[in-house]
Amino acid sequence: MRRALAGLAIMSCAATGLGLAAGTAAAAPVPGPGCARVFVLAVPGTWDNGPRNGAGVPGMLSRATAGLGAGKHVIAVNYSQSFFPWDNGGKVYPNSKAQAIDVAERLGEQALQRCPGSKVALIGYSQGADAAGDLAARIGTGQDRIRPQQVAGVVLVSDPRRGRGDHLIGRPLGGEGVGGPRPGGFGWVSNRVNTICDPNDMYCNTPPNYYVTKIAGALAEGGQNPALAAGVLNQMILQGGIGNVTNELSDAKARQQIMEYNAFVEGGAHTDYGAYEVRPGVSALAWAHDYLAGLN
Numbered sequence: 006m007r008r009a010l011a012g013l014a015i016m017s018c019a020a021t022g023l024g025l026a027a028g029t030a031a032a033a034p035v036p037g038p039g040c041a042r043v044f045v046l047a048v049p050g051t052w053d054n055g056p057r058n059g060a061g062v063p064g065m066l067s068r069a070t071a072g073l074g075a076g077k078h079v080i081a082v083n084y085s086q087s088f089f090p091w092d093n094g095g096k097v098y099p100n101s102k103a104q105a106i107d108v109a110e111r112l113g114e115q116a117l118q119r120c121p122g123s124k125v126a127l128i129g130y131s132q133g134a135d136a137a138g139d140l141a142a143r144i145g146t147g148q149d150r151i152r153p154q155q156v157a158g159v160v161l162v163s164d165p166r167r168g169r170g171d172h173l174i175g176r177p178l179g180g181e182g183v184g185g186p187r188p189g190g191f192g193w194v195s196n197r198v199n200t201i202c203d204p205n206d207m208y209c210n211t212p213p214n215y216y217v218t219k220i221a222g223a224l225a226e227g228g229q230n231p232a233l234a235a236g237v238l239n240q241m242i243l244q245g246g247i248g249n250v251t252n253e254l255s256d257a258k259a260r261q262q263i264m265e266y267n268a269f270v271e272g273g274a275h276t277d278y279g280a281y282e283v284r285p286g287v288s289a290l291a292w293a294h295d296y297l298a299g300l301n
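Just add 5 to the spot in the sequence shown (first one is 1) and you have my numbering.
Below, the structure written as structure tokens:
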């Protein structure tokens, strides 16, 4: 099998070389009349229903997706944006996120079917970043009808499933997303996925030893990341043996994390990406805007 694959690879390279020599290399597809070069799918976060921009994108992402220039068409991904069971007819977080993925996927497919020479870009914030990141991972690992080469770029702002290996824009971080990293990564689109996280934002930067918080994150994901719960338990045991499990889950330790979590919520780091600078003088939202504007 290895010899056969190697032979196919050599033949493919040779054919490519001959095609280039003969001047017959396939040109990049060009968007048809009335088609944008890049369709930008914007997925807002939980309860993020602030003022909308001209494309109908609400809240945090409105600034990042306004006025992207010629060749870009922004599409707002509308979904329930729920977290608690009593939100919007009982759609708890996993259901809400699944809805966001389905809507974004459908909108992307429709745009590409109508404009096969175009590409799509994804931007998401908070729960929207969770959904956009999962969709990007599905595309990048070949599990979606949208192909990797049809993705121009991805921006994830406060991604609850940020992994340490994801391409980070901004200051270095010591933790990872509260929901745990995506086990399969982003595959063929990894070099086009950018993640932004304020170091003080515990949704995307949970400290390694915050086991109670991580377990809560795993539960919020609705069992979509079963390896995370097992991984958290293994971490607790490796850090201090079986006895450490009791200590980490004790009332005192849990209370400490709850207090720090409340301080984080009141501090506003999760909602301050218009001020958080990823480069000197460049806010997270300004960087995201410029990145999307520059996509082709």
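Positions of the beta carbon are idealized from the N, C-alpha and C atoms, including for glycine.
Item to complete: Kindly list the residues whose CB is nearer than 6 Å to the CB of I151, restricted to its own chain and excluding five residues on each side of it in sequence; keep chain order.
Response: G113 and I144
Worksheet item: Roughly how far, in whole angstroms, is the beta-carbon of A69 from the beta-carbon of I128, given that I think they are within contact range, below 8 Å?
Response: 6 Å
Practice prompt. Label Q115 either buried or exposed according to how many other C-beta atoms from any shown protein chain fall within 10 Å of its C-beta, with 16 as the threshold for buried.
Written response: Within a 10 Å sphere around the beta-carbon of Q115 sit fewer than 16 other beta-carbons, which makes this residue exposed.
Worksheet item: I think V43 touches L290, with their Cβ atoms under 8 Å apart; what is that distance to the nearest whole Å?
Response: With 8 Å as the limit, V43 and L290 do not qualify as a contact, their Cβ atoms being about 18 Å apart.
Worksheet item: Can C202 and R167 be called in contact, C-beta distance under 9 Å?
Response: In this structure, R167 lies closer than 9 Å to C202 by Cβ.
Fill in: Residues near S195 by beta carbon distance below 7 Å, same chain, minus five either side
G145
Worksheet item: Helix or strand or just coil, what does DSSP make of T51?
Response: Secondary structure at T51: coil, using DSSP grouped into helix, strand and coil.
Worksheet item: Taking DSSP as the reference, what is the three-state secondary structure of G129?
Response: strand
Worksheet item: When DSSP builds the beta bridges, which residues end up paired with H78?
Response: As computed with DSSP, H78 is found in a beta bridge with F44.
Discussion item. According to DSSP, simplified to helix, strand and coil, what is R197?
Written reply: helix
Practice prompt. Write down the C-beta distance between S163 and T51 rounded to the nearest angstrom, noting that I regard them as a contact closer than 8 Å.
Written response: A Cβ-Cβ distance of about 11 Å is found for the pair S163 and T51, leaving them out of contact under the 8 Å criterion.
Practice prompt. Measure the alpha-carbon distance for G28 versus G179 and round it to whole angstroms.
Written response: The predicted position of G28 is uncertain, since its pLDDT is 36 and thus under 50; no value can be drawn from it.
Fill in: Close beta carbons around R387, own chain, < 8 Å, minus the five adjacent residues each side
Past the edges of the chain, shown from 6 to 301, lies residue 387, and the structure says nothing about it.
Item to complete: Tell me whether Q244 sits in a helix, a strand or coil according to DSSP, three-state version.
Response: Residue placement at Q244 cannot be trusted, given a pLDDT of 48 that sits under 50; what the coordinates show is reported in the next sentence. The answer is helix: DSSP assigns Q244 an H, G or I state.
Worksheet item: For V82 versus V108, is the C-beta spacing smaller than 9 Å?
Response: yes
Practice prompt. Below 7 Å CB to CB, which residues in the same chain sit around K102 once its five sequence neighbours on both sides are set aside?
Written response: Q132, D135 and A136
Discussion item. Going by DSSP, what residue range makes up the alpha helix (DSSP H) through V108?
Written reply: Y98 to R119
Practice prompt. Check A280 in the structure and name its three-state DSSP category.
Written response: Correct three-state label for A280: coil.
Worksheet entry | C-beta contact flag for G170 and P153 at 9 Å | no
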